[in-house]
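Have a look at the structure below, then the notes.
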């Protein structure tokens with residue numbers, strides 16, 4: 005299914021910098037979350053909708069590789085991409101590009117699972133088939149276009 009997504013743009017804030025004047029490494033994880041939240045909203049099934057259905061999506065693991073520095077006031081595009089989805093687990097990759105130069109600044113990945121309010125695994129295929137199909141439809145969509 006062809007779908008056009010708006011790129012997620014972030015302007016680096018002064019409070020996100022460290023003593024060296026570059027963006028502190030911990031902020032990239034927050035930026036991944038911002039872009040992931042935006043992606044899910046654009047897909048039509050954001051965190052607020054999941055939580056109304058009693059579904060939570062915790063982070064199981066996250067990686068971040070720094071390629072080059074981001075400074076205060078730089079504008080970057082954060083591009084999330086669903087890499088794997090089986091109805092119980094979800095893997096998303098991230099690329100952060102400088103808006104002006106298109107230079108790759110950072111890459112990463114987050115791994116998630118779907119749980120109910122009792123912290124038990126949820127099979128979206130069985131319990132939420134429409135949502136399962138929504139994720140399947142968007143699996144592998146290239147957001148860099």
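Residue numbers (our numbering): 5 to 149. All residues carry an ideal CB built from backbone N, CA and C; glycine is no exception.
Distance from the CA of residue 130 to the CA of residue 19, rounded to the nearest whole angstrom, comes to 44 Å. Sixteen is the threshold: when 16 or more other Cβ atoms of the shown chains lie within 10 Å of the Cβ of residue 110, as they do, the residue is buried. By the C-beta density criterion, residue 40 is buried, having at least 16 other C-beta atoms within 10 angstroms.
For residue 40, the enclosing alpha helix (DSSP H) stretches over residues 30 to 47. Boundaries of the beta strand (DSSP E) harbouring residue 102: 93 to 102, taken from the DSSP string. Between residue 77 and residue 56, the alpha-carbon positions lie close to 36 Å from each other. A contact between stretches requires three or more CB pairs, one per stretch, nearer than 8 Å, and the stretch 27 to 38 meets this requirement with the stretch 99 to 117.
Residue 129 sits in a helix when the DSSP states are folded into three classes.
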